[in-house]
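Peer 1:
Chains as they are written, first to last, in my numbering: chain L, 155 to 491; chain Y, 176 to 455.
1) Given this structure, state the Cα-to-Cα distance separating residue 460/L from residue 423/Y, to the nearest angstrom.
2) Assuming residue 203/Y is part of the beta strand (DSSP E), what are its boundary residues?
3) Assign residue 461/L to one of three DSSP states: helix, strand, or coil.
4) Should residue 186/Y and residue 248/Y be called a contact, given that it needs their Cβ atoms to be closer than 9 Å?
5) Output needed in chain order: residues of the stretch 196-207 of chain L with a Cβ under 7 Å from some Cβ in chain Y.
6) Based on the DSSP secondary-structure assignment, which residues constitute the bridge partners of residue 175/L?
7) Check whether the Cβ of residue 422/L lies closer than 9 Å to any Cβ atom in chain Y.
8) My understanding is that residue 463/L touches residue 445/L, with C-beta atoms under 8 Å, so please give their C-beta distance in whole angstroms.
9) Could you say which of 383/Y, 188/Y, 182/Y and 293/Y lies nearest to residue 406/Y if we only look at CA atoms?
10) Just list the residues that DSSP pairs residue 199/L with in beta bridges.
11) Measuring CB to CB, does residue 181/Y end up less than 9 Å from residue 250/Y?
12) Going by DSSP in three states, residue 412/Y sits in which element: helix, strand or coil?
13) So, using beta-carbon positions, are residue 385/Y and residue 234/Y closer together than 9 Å?
14) Given that residue 374/L touches chain Y, what residues does it touch there, using C-beta distances under 9 Å?
15) Can you pull the chain L neighbours of residue 210/Y, defined as C-beta to C-beta under 7 Å?
16) If you draw a straight line from the alpha carbon of residue 436/L to that of residue 377/L, how long is it in whole angstroms?
17) Starting from the C-beta of residue 411/Y, find all residues in its chain whose C-beta is less than 8 Å away, skip the five residues before and the five after it, and write them out in chain order.
18) Along the chain, where does the alpha helix (DSSP H) containing residue 260/L start, and where does it finish?
19) According to DSSP, is residue 441/L helix, strand or coil?
20) If contacts are defined as beta-carbon pairs under 8 Å, then residue 229/Y and residue 264/Y qualify, I think. What distance do you get, rounded to the angstrom?
21) Going along the chain, which residues of the stretch 384-397 of chain Y sit with their C-beta nearer than 8 Å to a C-beta in chain L?
22) Which term fits residue 197/Y, buried or exposed, when burial requires 16 or more other beta carbons within 10 angstroms of its beta carbon?
23) Check residue 295/Y in the structure and name its three-state DSSP category.
24) Using a Cβ cut-off of 9 Å, which residues of the stretch 410-439 of chain Y contact any Cβ in chain L, in chain order?
25) Can you pull the DSSP bridge partners for residue 179/Y?
26) Tell me which residues share the same chain as residue 269/L and place their Cβ nearer than 7 Å to its Cβ, disregarding the 5 neighbours each side in the sequence.
27) Under 6 Å Cβ to Cβ from residue 478/L, same chain only, skipping five residues before and after it: list those, please.
28) Check residue 268/Y in the structure and name its three-state DSSP category.
29) Could one say the Cβ of residue 231/L lies closer than 9 Å to chain Y's Cβ atoms, at least one of them?
30) Between the Cα of residue 248/L and the Cα atoms of 380/L, 346/L and 336/L, which residue gives the shortest distance?
31) Chain Y partners of residue 401/L, CB-CB under 8 Å?
32) Nearest chain Y C-beta to residue 430/L closer than 9 Å, yes or no?
33) So residue 225/Y contacts chain L; which residues on that side make the cut at Cβ distance below 7 Å?
34) Please list the terminal residues of the continuous alpha helix (DSSP H) segment that includes residue 329/L.
35) Quick check on the burial criterion: 16 or more other C-beta atoms within 10 angstroms. Buried or exposed for residue 283/L?
36) Does any CB atom of chain Y fall closer than 9 Å to the CB of residue 377/L?
Okay, here's the thing in structure tokens:
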């Protein structure tokens with residue numbers, strides 16, 4: 155799906171990550187063989203626990219890996235640019251211009267001494283040749299799009315005058331100031347209250363549809379991911395364990411980790427006697443061995459699971475990194491779908 | 176109600192006010208604005224709300240870490256003040272949200288719990304303390320070898336188990352748990368919830384459970400009070416409040432609670448069974 159006859163056409167696939175590997179100091183692997191893609195208008199959730207490599211994957215995509223942490227394998231194609239090999243200059247143009255980022259803690263992402271309108275305007279000017287006045291007008295427009303009722307008045311506020319949810323909206327406005335086609339959100343609602351979380355998720359969902367942009371939502375919260383994502387990538391121990399349409403993955407998981415996780419999450423419909431704890435603890439970043447990272451905690455692990463991992467296609471647009479697919483296949487068939 | 180273990184009447188807590196260093200008037204903030212609660216012996220009572228609702232402040236007042244501005248707390252019929260006697264102090268123990276921050280990093284687990292046991296006269300001598308500590312650790316699912324390690328050697332879930340063992344060490348009548356699973360990884364949360372449920376059932380503990388998450392409350396508690404901006408907006412049995420929320424705020428909170436589509440997958444055999452069959 156590449157641009158044809160030299161005319162800049164809108165590429166459908168905004169992001170294609172292939173077999174990504176990320177190394178941390180000491181030669182340890184934080185991320186191994188991660189592949190994912192994002193298309194326009196699509197919200198892709200990357201879910202996992204701490205140490206699963208989800209944030210590292212996102213940072214690699216934005217070209218924001220900390221010093222000493224490097225992409226050691228694979229390709230990251232963001233709108234035609236290979237991030238892993240790109241120059242510092244190309245990366246600067248990429249960030250904010252093609253890729254917008256939203257981080258977990260809105261207060262630390264904002265400048266406490268600057269009015270929010272100016273912070274957004276600054277970001278607008280960084281990516282387009284506009285006058286100060288135009289940038290200011292765009293900032294107010296963005297605040298309106300983010301759901302601020304009186305954007306002109308709000309633009310003059312300082313971050314501390316806003317609630318957590320409103321601050322996160324400002325951060326999203328800044329991320330969108332350069333009209334990116336891909337929005338990367340790293341735990342955007344983790345620091346927020348539940349009712350506020352829902353509003354921010356609705357906003358992100360609306361933006362992806364209205365602006366026709368791709369969104370990656372990294373979260374540890376399956377409930378959050380279930381609510382907004384079209385597709386899900388489940389990560390564990392630095393590896394992608396399962397990928398597919400969100401509803402499919404949640405209803406018919408094809409990896410023991412996803413299955414176990416779904417049984418471990420309390421919901422308003424579950425009762426404590428249904429909950430099944432997963433024994434043991436997840437490996438810390440870089441700690442997983444050569445085999446399936448979940449094998450030590452998995453009820454179905456065999457010796458071969460500890461030797462290596464193979465990624466298996468298990469349906470249309472679905473892959474699983476569990477060898478024991480015959481097990482899952484028999485189970486889902488048994489329910490008669 | 177004669178089976179009431181803890182009664183809270185018109186509890187109010189305010190912060191700020193007065194004047195600052197330059198005699199400027201400081202804003203007064205009322206975190207808790209008239210809370211009434213009755214917690215019965217043996218029940219698990221949840222206080223649910225979002226940040227700033229005042230739920231943790233109520234918990235702190237019960238444990239004695241926060242002095243109320245006004246109002247009354249009675250424990251077993253006796254008034255409960257911040258400067259309570261040691262009997263009352265022992266009877267109410269707390270499990271904190273951040274298990275690491277609440278453990279002394281320089282003390283081995285065995286020493287920390289052992290000291291607690293001896294100071295409170297639960298056991299005589301070091302050997303007895305060690306034996307009782309091992310018993311407590313076993314109760315929360317930790318091996319005896321955990322005794323000789325320091326908190327940093329444990330994962331988040333294990334640390335919370337230590338926090339629970341410590342809170343139970345001096346046989347409290349009431350356990351106050353402030354967001355005990357919020358800081359834990361998703362796959363670990365369930366094991367701590369299951370542990371707390373087992374302890375409730377086995378020890379007949381009375382528990383006050385502070386949480387922002389109605390889904391978690393549903394697993395552990397009998398009754399719930401929903402707090403918003405310092406007041407209780409709704410109170411009742413967990414089943415009733417979740418099925419028929421009356422207050423609009425409760426409804427909003429419930430709408431934001433984790434919901435997952437039901438799994439369509441048959442019995443995986445080993446250690447796990449489908450939800451429908453284990454229910455009831």
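Glycine is no exception: its CB is placed at the ideal position from the N, C-alpha and C atoms.
Peer 2: Judging by the given coordinates:
1) Position 306 of the first chain holds residue 460/L. Position 248 of the second chain holds residue 423/Y. Taking the straight line from one Cα to the other gives about 51 Å.
2) Here the question's residue 203/Y lines up with position 28 in the second chain. The continuous beta strand (DSSP E) containing residue 203/Y extends over residues 203-215.
3) Here residue 461/L is taken as the residue at index 307 of the first chain, counted from 1. Coil.
4) Locating residue 186/Y in the second chain gives position 11, counting from the first residue. Locating residue 248/Y in the second chain gives position 73, counting from the first residue. Residue 186/Y places its beta carbon less than 9 Å from that of residue 248/Y.
5) The stretch 196-207 of chain L vs chain Y, Cβ under 7 Å: 203 and 204.
6) The residue you call residue 175/L lines up with position 21 of the first chain. For residue 175/L, which the question treats as bridged, DSSP gives the partners 227/L.
7) Within the first chain, residue 422/L is the residue found at index 268, counting from 1. At least one chain Y Cβ lies under 9 Å of residue 422/L.
8) Stepping through the first chain from its first residue, residue 463/L is reached at position 309. Stepping through the first chain from its first residue, residue 445/L is reached at position 291. Distance from residue 463/L to residue 445/L at the Cβ level is roughly 6 Å; contact confirmed, criterion being Cβ atoms closer than 8 Å.
9) Residue mapping note: residue 406/Y aligns to position 231 of the second chain, counting from 1. Closest option to residue 406/Y, Cα to Cα, is 188/Y.
10) Here residue 199/L refers to the residue found at position 45 when the first chain is read from its first residue. In the DSSP secondary-structure assignment, residue 199/L is bridged to 371/L and 386/L.
11) Here residue 181/Y refers to the residue found at position 6 when the second chain is read from its first residue. Here residue 250/Y refers to the residue found at position 75 when the second chain is read from its first residue. When the beta-carbon positions are compared, residue 181/Y and residue 250/Y come within less than 9 Å of each other.
12) Within the second chain, residue 412/Y is the residue found at index 237, counting from 1. Strand at residue 412/Y.
13) Indexing the second chain from 1 puts residue 385/Y at position 210. Indexing the second chain from 1 puts residue 234/Y at position 59. In this structure, residue 234/Y lies closer than 9 Å to residue 385/Y by Cβ.
14) Within the first chain, residue 374/L is the residue found at index 220, counting from 1. Within chain Y, the C-beta atoms nearer than 9 Å to that of residue 374/L come from 360 and 361, in chain order.
15) As a working mapping, residue 210/Y is identified with position 35 in the second chain. Residues of chain L passing the Cβ test: none, with the nearest at roughly 20 Å.
16) Taking the first chain and counting its residues from 1, one reaches residue 436/L at position 282. Taking the first chain and counting its residues from 1, one reaches residue 377/L at position 223. Residue 436/L and residue 377/L: Cα-Cα distance of roughly 20 Å.
17) The residue labelled residue 411/Y in the question sits at position 236 within the second chain. So the list reads 398 and 399, once near-sequence residues are dropped.
18) On the first chain, position 106 is the one that residue 260/L refers to. Boundaries of the alpha helix (DSSP H) around residue 260/L: 260-263.
19) Looking up residue 441/L in the first chain gives position 287. Residue 441/L: coil per DSSP, three-state reduction.
20) For the purposes of this step, residue 229/Y is taken as the residue at position 54 of the second chain. For the purposes of this step, residue 264/Y is taken as the residue at position 89 of the second chain. The distance from the Cβ of residue 229/Y to that of residue 264/Y is about 23 Å, inconsistent with a contact at the 8 Å cut-off.
21) Against chain L - using a Cβ distance shorter than 8 Å - the residues of the stretch 384-397 of chain Y are 387, 388, 389, 390, 391, 393, 394 and 395.
22) Here residue 197/Y corresponds to residue number 22 of the second chain, with the count starting at 1. Of the other Cβ atoms in all chains shown, fewer than 16 fall within 10 Å of the Cβ of residue 197/Y; this residue is therefore exposed.
23) Walking along the second chain from the start, residue 295/Y turns up at place 120. Three-state result, residue 295/Y: coil.
24) Those residues of the stretch 410-439 of chain Y that come within reach of chain L (Cβ to Cβ, closer than 9 Å) are 417, 424, 427, 428, 429, 430, 431, 432, 433, 434, 435, 436, 437, 438 and 439.
25) Here residue 179/Y refers to the residue found at position 4 when the second chain is read from its first residue. The secondary-structure analysis by DSSP pairs residue 179/Y across a beta bridge with 215/Y.
26) Translated into positions along the first chain, residue 269/L becomes position 115. Counting only Cβ-Cβ distances below 7 Å, and skipping sequence neighbours, we find 309, 310, 311 and 312.
27) Taking the first residue of the first chain as position 1, residue 478/L is located at position 324. A distance below 6 Å between beta-carbons, with the five flanking residues on each side excluded, links residue 478/L to the following residues of its chain, in chain order: 454.
28) Numbered from its first residue, the second chain carries residue 268/Y at position 93. Correct three-state label for residue 268/Y: strand.
29) Locating residue 231/L in the first chain gives position 77, where the first residue counts as 1. Taking Cβ atoms only, chain Y never reaches closer than 9 Å to residue 231/L, which makes this a no.
30) Reading the first chain from its first residue, position 94 is the one you call residue 248/L. From the listed residues 380/L, 346/L and 336/L, the smallest Cα separation to residue 248/L is found for 336/L.
31) Locating residue 401/L in the first chain gives position 247, where the first residue counts as 1. Ordered by position in chain Y, the residues that pass the 8 Å Cβ test against residue 401/L are 436.
32) The residue you call residue 430/L lines up with position 276 of the first chain. True, the Cβ-Cβ gap to chain Y drops below 9 Å.
33) For the purposes of this step, residue 225/Y is taken as residue 50 along the second chain, with counting starting at 1. Simply 347, 348 and 349.
34) Here the question's residue 329/L lines up with position 175 in the first chain. Counting along the chain, the unbroken alpha helix (DSSP H) around residue 329/L starts and ends at 318-330.
35) The sequence position of residue 283/L within the first chain is 129, counting from 1. When all chains shown are included, residue 283/L counts as exposed.
36) Position 223 of the first chain, counting from 1, holds the residue named residue 377/L. Closer than 9 Å to some Cβ of chain Y, the Cβ of residue 377/L qualifies, so yes.
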